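Okay, structure first, notes after.
There are 2 protein chains.
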Amino acid sequence: MTPAAVAATSRMREEIFEQPDTLARTLERLAEVRQRLRRLRNDVDRVLFFARGSSDNVAIYGRYVCEVMVGIPAALGAPSVATVYHRSLDLRRTLVVTISQSGQTQEMVDVANWARRCGATTLAVTNTAGSALADAVDLPVVTDAGVERAVPATKTFTAALLAIAAVAEALSGGRPFGDALQAVPEQASELLARAADADRLAPIVATCASLTVLGRGFSLATAVEIALKVEEACGMPAAGLSSADLQHGPLGAVHEGTAVLVAAAAGGPTLPGLTALATRASQSGARTLCIGGDARLRAACDAAVMGADLPEAIAPIVEVIPGQLLTESLARMLGHDPDAPRGLTKVTQTT
Amino acid sequence: MTPAAVAATSRMREEIFEQPDTLARTLERLAEVRQRLRRLRNDVDRVLFFARGSSDNVAIYGRYVCEVMVGIPAALGAPSVATVYHRSLDLRRTLVVTISQSGQTQEMVDVANWARRCGATTLAVTNTAGSALADAVDLPVVTDAGVERAVPATKTFTAALLAIAAVAEALSGGRPFGDALQAVPEQASELLARAADADRLAPIVATCASLTVLGRGFSLATAVEIALKVEEACGMPAAGLSSADLQHGPLGAVHEGTAVLVAAAAGGPTLPGLTALATRASQSGARTLCIGGDARLRAACDAAVMGADLPEAIAPIVEVIPGQLLTESLARMLGHDPDAPRGLTKVTQTT
Chain A
9 MTPAAVAATS RMREEIFEQP DTLARTLERL AEVRQRLRRL RNDVDRVLFF ARGSSDNVAI
69 YGRYVCEVMV GIPAALGAPS VATVYHRSLD LRRTLVVTIS QSGQTQEMVD VANWARRCGA
129 TTLAVTNTAG SALADAVDLP VVTDAGVERA VPATKTFTAA LLAIAAVAEA LSGGRPFGDA
189 LQAVPEQASE LLARAADADR LAPIVATCAS LTVLGRGFSL ATAVEIALKV EEACGMPAAG
249 LSSADLQHGP LGAVHEGTAV LVAAAAGGPT LPGLTALATR ASQSGARTLC IGGDARLRAA
309 CDAAVMGADL PEAIAPIVEV IPGQLLTESL ARMLGHDPDA PRGLTKVTQT T
Chain B
9 MTPAAVAATS RMREEIFEQP DTLARTLERL AEVRQRLRRL RNDVDRVLFF ARGSSDNVAI
69 YGRYVCEVMV GIPAALGAPS VATVYHRSLD LRRTLVVTIS QSGQTQEMVD VANWARRCGA
129 TTLAVTNTAG SALADAVDLP VVTDAGVERA VPATKTFTAA LLAIAAVAEA LSGGRPFGDA
189 LQAVPEQASE LLARAADADR LAPIVATCAS LTVLGRGFSL ATAVEIALKV EEACGMPAAG
249 LSSADLQHGP LGAVHEGTAV LVAAAAGGPT LPGLTALATR ASQSGARTLC IGGDARLRAA
309 CDAAVMGADL PEAIAPIVEV IPGQLLTESL ARMLGHDPDA PRGLTKVTQT T
């Protein structure tokens, strides 16, 4: 009996538990495009990501992994420059990466076509081979997460993160992650084996009126994605932000009635700052939780879930998993159907 | 008797009412650096903005005005790549713009020094001549907003927006805004003359548990800044985001008990989408408000404040003003001191 069968109470939870398999399959699939990805190195000097929703949070990871691990300037683009203002930019020697699990978001197809007209090399990360987006770009990178039925993206999110890490590795021309990518599926299993710890965070958040999720650097993507999941599935105000930004204003809204969740790798230079902010949030009366981090961060929080045994640059691929579990538990606890949040659809067309 | 004298109940409100003067003075000051700004055109092919807090919202405006009005690729940088991960990037032919009203944020000084080592041309927008940041860059662009005493930035925010518009105009080599920049101080006066309308939004927001502020394209900067002000001064969970992003998840947290405020220019291609989202938020049970927009947007909302008579690309310089007034009223209504939000300081050093 798999853990999935034991714990399954929604499609979302089933899909969360599929991730060791979907990540392993995606790793194999990525090996097939490695040669084509490596050839990109000669054509591009910078990377620009375009996406919406959870895919936009994949893009946040992409910017850090490209800049910090590859040393290539990377940033997030504004889709409206292309699709609303129809402004042409000089994007020669730029890799434009669009991300969409469905590959059916017309806005991203339009961005990819615009980018090509602007001189960019275009790449798409999508879970759907043969989709409009896959067909629109120079190089489709297709993940193998299978069909995702729950509206909140889970397994397609982590598969897309893995694909972005593979793109970064190819751009580096080396092996900046060593063997860490191969360990990702097993680390997903480890995190799922501790699902009960993640579920125990839900009743704490349920007593609060809003949730602030903090990350920094690599873990920022995890923070904003967990916040998005909670807003989407639980109907609770939630914000994901950099611990550095928290001090520049939003700390004013952290007090009794706020849950503060810190997402951190087991090590790395952001850990002291994140720990200091957790302590400060606690002093402001907030309930504090953490996913990952070290013993010091865990000691600073009311409740904690152990993170992955992965380097800081790779940990975000799976470190969202306890946040996904928390979201699914919290949604049911608050009387929501996690698979079908009110007012949202699986494929969103931007108006 | 000036409107300031009539309405003053906090330093924040006094400073809000100084804006016609501070913007007029800043306009004169900017004329002095126009020639030096124009010479930048030959040296740079792209722009990268770095900032925190309200200054980061100025940067959001900067990216749209540079890309849409000048046609030069622009993006927001991640300070941690420089200051936490110490990663060198190739920033030749890149204009790196740091923004800090105090010019004393060490993080921004470090970013400016890093950018110069990476080959960038460096520019700072600051309200403090002779500050560490002004001295660290190739070209300081100093606004003339006077000393700002209230913790929430108001007059330094709009002065910095005006400076960014002047930088964009210089990079364009033409006059993309026509005479609109000259009209900014007067339009600030017009918005302040309607302060009572803005104040009337406060009791509506006060009945809600959280605030979502929507913008798109140029007005996104206004939306995120108003949300930041409300979090900072009123201690209420508030999120500013693109109406396009709202549909990709956060709409799940918009329901009874949520206030949705739309920031829009009087015209432009984003207006139909913003109006559609206001209607959708209303159907979800939210209280809906707007600043700016046209008769159709106002009709879709429970309450409205007229915006500025300025083109879409310039309107954001002053269109935050009704949001500043709303924040100041709401803070007092909720029993907070708008000048000194709990736990926040005027000059923030990032940990």
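Respectively, the protein sequence lines represent chains A and B.
Going by my numbering, the first sequence opens with residue 9, and the numbers climb by one from there.
Going by my numbering, the second sequence opens with residue 9, and the numbers climb by one from there.
The beta-carbon is built from N, C-alpha and C at its ideal position, and this holds for glycine as well.
These figures come from a predicted structure and were not determined experimentally.
Quick check on B:R60: buried or exposed, where buried means 16 or more other Cβ atoms within 10 Å of its Cβ?
Start at 1 with the first residue of the second sequence, and residue 60 of chain B comes out as number 52. So B:R60 counts as buried.
With H, G and I counted as helix, E and B as strand and the rest as coil, what does DSSP make of B:L305?
For this step, residue 305 of chain B is matched to residue 297 along the second sequence. Note: B:L305 maps to helix in three-state DSSP.
Under three-state DSSP, which class holds A:G223?
Numbered from its first residue, the first sequence carries residue 223 of chain A at position 215. Note: A:G223 maps to strand in three-state DSSP.
Could you compute how far the alpha carbon of A:G70 sits from the alpha carbon of B:N135?
As a position in the first sequence, residue 70 of chain A is number 62, starting the count at 1. As a position in the second sequence, residue 135 of chain B is number 127, starting the count at 1. For A:G70 and B:N135, the distance between alpha carbons rounds to 34 Å.
Just mark A:T10 as buried or exposed, buried being the case when its beta carbon has 16 or more other beta carbons within 10 Å.
Taking the first sequence and counting its residues from 1, one reaches residue 10 of chain A at position 2. With a pLDDT of 38 at A:T10, under the threshold of 50, the modelled position of that residue is not reliable, and the figure given next carries that caveat. Exposed, since its Cβ has fewer than 16 Cβ neighbours within 10 Å.
Report back the beta-carbon spacing between B:L305 and B:A321 to the nearest angstrom; my notes put them in contact at under 8 Å.
In the second sequence, counting from the first residue as 1, residue 305 of chain B sits at position 297. In the second sequence, counting from the first residue as 1, residue 321 of chain B sits at position 313. Between B:A321 and B:L305 the Cβ distance is about 18 Å, and since that is not below 8 Å, they are no contact.
What beta strand (DSSP E) runs, 3 residues minimum, are completely inside the segment 9-94 of chain B?
54-58 and 82-84
Kindly identify the DSSP beta-bridge partner or partners of B:L97.
As a working note, residue 97 of chain B is residue 89 in the second sequence. Per DSSP, none; premise fails for B:L97.
Mind listing the chain B neighbours of A:L356? Cutoff is C-beta to C-beta under 8 Å, in chain order.
Here residue 356 of chain A refers to the residue found at position 348 when the first sequence is read from its first residue. A small correction: the amino acid at residue 356 of chain A is Thr; Leu does not occupy that position in the sequence shown. Correct list: Q255 and H256.
Along chain A, which residues have their Cβ under 8 Å away from the Cβ of B:P87?
Residue mapping note: residue 87 of chain B aligns to position 79 of the second sequence, counting from 1. Within 8 Å Cβ-Cβ: A252.
Measuring only the C-alpha atoms, how far is B:E240 from A:A289?
In the second sequence, the residue the question calls residue 240 of chain B occupies position 232. In the first sequence, the residue the question calls residue 289 of chain A occupies position 281. In a straight line, the C-alpha of B:E240 is about 14 Å away from that of A:A289.
Residues of chain B with a CB under 8 Å from the CB of A:V213: which are they?
By one-based count along the first sequence, residue 213 of chain A stands at place 205. Result: empty, since nearest Cβ-Cβ is about 13 Å, beyond 8 Å.
Enumerate in chain order the residues of its own chain whose CB-to-CB distance from A:I172 is below 7 Å, with the five nearest sequence positions on each side excluded.
For this step, residue 172 of chain A is matched to residue 164 along the first sequence. Correct list, in chain order: V66, Y69, G70, V73 and V133.
Keeping to the same chain, check which residues put their C-beta closer than 7 Å to that of A:A153; ignore five residues upstream and five downstream.
Position 145 of the first sequence, counting from 1, holds the residue named residue 153 of chain A. So the list reads T30, T34, N135, K163, T164 and A167, once near-sequence residues are dropped.
If we cut at 9 Å on Cβ distances, does A:D347 have a partner in chain B?
Here residue 347 of chain A refers to the residue found at position 339 of the first sequence. Answer no: the Cβ-Cβ gap between A:D347 and chain B never drops below 9 Å.
In its own chain, which residues sit with a C-beta less than 6 Å from the C-beta of B:P108, not counting the 5 before and 5 after it?
Here residue 108 of chain B corresponds to residue number 100 of the second sequence, with the count starting at 1. Residue identity check: residue 108 of chain B is Ser in the sequence provided, not Pro. Excluding residues within five positions, the ones whose Cβ falls inside 6 Å are S63, M116, T134 and L141.
Along chain B, in chain order, which residues have C-beta atoms closer than 8 Å to that of A:R224?
As a first step, residue 224 of chain A is located in the first sequence; it is residue number 216 there, counting from the start. Here the neighbours are S88 and V92.
So, for B:V119: in the same chain, excluding its five sequence neighbours on each side, which residues have a beta-carbon less than 7 Å away from its beta-carbon?
Sequence index remark: in the second sequence, residue 119 of chain B carries index 111 (1-based). The answer, listed in chain order, is F58, P87, A90, T91 and T106.
Which chain B residues sit within Cβ distance under 8 Å of A:M244?
As a first step, residue 244 of chain A must be located in the first sequence, where it is residue number 236. The answer, in chain order, is A261.
From the DSSP secondary-structure annotation, give me the bridge partner or partners of A:R295.
Counting from one through the first sequence, the residue named residue 295 of chain A turns up at place 287. Per DSSP, A:A267.
Is A:A274 closer than 9 Å to A:A316 when the C-beta atoms are compared?
For the purposes of this step, residue 316 of chain A is taken as residue 308 along the first sequence, with counting starting at 1. For the purposes of this step, residue 274 of chain A is taken as residue 266 along the first sequence, with counting starting at 1. A contact, by the Cβ cut-off of 9 Å.
Mind checking whether B:L131 and B:L147 have CB atoms under 9 Å apart?
On the second sequence, residue 131 of chain B is found 123 positions in, with the first residue counted as 1. On the second sequence, residue 147 of chain B is found 139 positions in, with the first residue counted as 1. Yes, these two residues count as a Cβ contact at 9 Å.
In chain order, what are the residue ranges of uninterrupted alpha helix (DSSP H) at least 4 long that sit wholly in the segment 115-149 of chain A?
If only complete runs of 4 or more residues are kept, the segment 115-149 of chain A shows the alpha helix (DSSP H) at 140-144, in order along the chain.
Should the segment 205-223 of chain B be regarded as contacting the segment 38-57 of chain B, the criterion being three or more beta carbon pairs within less than 8 Å?
no
Roughly how far, in whole angstroms, is the beta-carbon of A:V355 from the beta-carbon of A:S110, given that I think they are within contact range, below 8 Å?
Taking the first sequence and counting its residues from 1, one reaches residue 355 of chain A at position 347. Taking the first sequence and counting its residues from 1, one reaches residue 110 of chain A at position 102. A:V355 to A:S110, Cβ: 5 Å. Contact.
If you run the structure through DSSP and keep just helix, strand and coil, what is B:I325?
Translated into positions along the second sequence, residue 325 of chain B becomes position 317. The answer is helix: DSSP assigns B:I325 an H, G or I state.
Of all the CB atoms in chain B, is at least one closer than 9 Å to the CB of A:L97?
Mapped onto the first sequence, residue 97 of chain A falls at position 89. Under the Cβ distance rule, A:L97 counts among the residues neighbouring chain B, one pair being separated by less than 9 Å.
How about the segment 243-262 of chain B and the segment 192-212 of chain B: do they share at least three Cβ pairs that are nearer than 8 Å?
no
Let me know the secondary structure DSSP gives A:S108 once reduced to three states.
For the purposes of this step, residue 108 of chain A is taken as the residue at position 100 of the first sequence. Coil at A:S108, not helix or strand.
Straight-line CA distance for A:P280 to B:G300?
Position 272 of the first sequence, counted from the first residue, corresponds to residue 280 of chain A. Position 292 of the second sequence, counted from the first residue, corresponds to residue 300 of chain B. Distance between A:P280 and B:G300, taken at the CA atoms: about 43 Å.
With C-beta atoms as the reference, is B:V78 less than 9 Å away from B:S180?
As a first step, residue 78 of chain B must be located in the second sequence, where it is residue number 70. As a first step, residue 180 of chain B must be located in the second sequence, where it is residue number 172. In contact: B:V78 and B:S180 (Cβ atoms closer than 9 Å).
Find the residues of chain B that neighbour A:P184, judging by a C-beta separation of less than 9 Å, and give them in chain order.
As a position in the first sequence, residue 184 of chain A is number 176, starting the count at 1. What A:P184 touches in chain B: nothing, since even the nearest Cβ is about 12 Å away.
What are the uninterrupted segments assigned as beta strand (DSSP E) that are 3 or more residues long and contained completely in the segment 147-225 of chain B, given in chain order?
147-150 and 218-223
Using 10 angstroms around the beta-carbon of B:S96, count the other beta-carbons present and answer buried if the total reaches 16, otherwise exposed.
For the purposes of this step, residue 96 of chain B is taken as residue 88 along the second sequence, with counting starting at 1. When all chains shown are included, B:S96 counts as exposed.
Check whether the Cβ of B:Y72 lies closer than 9 Å to any Cβ atom in chain A.
Working through the second sequence from its first residue, we reach residue 72 of chain B at position 64. So, interface residue.
Buried or exposed: where does B:D347 fall if 16 or more other Cβ atoms within 10 Å of its Cβ makes it buried?
As a working note, residue 347 of chain B is residue 339 in the second sequence. Burial call: buried.
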